[in-house]
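Numbering (this note's numbering), first residue to last: 206 to 299.
Glycine is no exception: its CB is placed at the ideal position from the N, C-alpha and C atoms.
Keep in mind that this is a model prediction, so the values were computed, not measured.
The structure appears below as structure tokens.
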């Protein structure tokens, strides 16, 4: 699994103008069962995604994110191996 975090590099007006395209990008990866959850940080300086893929695939996926394509965000990646978890989360662990 990978925790993906973003930091916006453009004003929120630019981020907002790309949101529909970004959400369509996210939806495609939810359909492929590659993303589990995502959303904006609070305060709204970037976002976070929990992905089921490895770090190399996560990096490749995020290169196609509209925020990346338009230079509106930079991404960081943390790969980890789940140890303990709530039983309700077991369906996401392969």
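query                                                                                                                             : result
C-beta atoms of residue 283 and residue 214 nearer than 9 Å                                                                       : no
Proximity below 9 Å, CB of residue 227 to CB of residue 297                                                                       : no
Nearest neighbour of residue 231, chosen from 292, 281, 252 [CA to CA]                                                            : 252
Reduced DSSP category for residue 232 - H, G, I as helix; E, B as strand; rest coil                                               : helix
Within 9 Å, strictly: CB atoms of residue 278 and residue 241                                                                     : no
Same chain, Cβ closer than 6 Å to residue 270, five either side skipped, listed in chain order                                    : 230
Chain-order list of residues whose beta-carbon lies under 7 Å from that of residue 275 (same chain, five-residue window excluded) : 223
Nearest-angstrom Cβ-Cβ length linking residue 244 and residue 207, presumed shorter than 8 Å                                      : 16 Å between Cβ atoms; not a contact.
Residues that residue 256 bridges to, as DSSP identifies them                                                                     : 207, 240
Endpoints, the beta strand (DSSP E) within which residue 282 is located                                                           : 278 to 284
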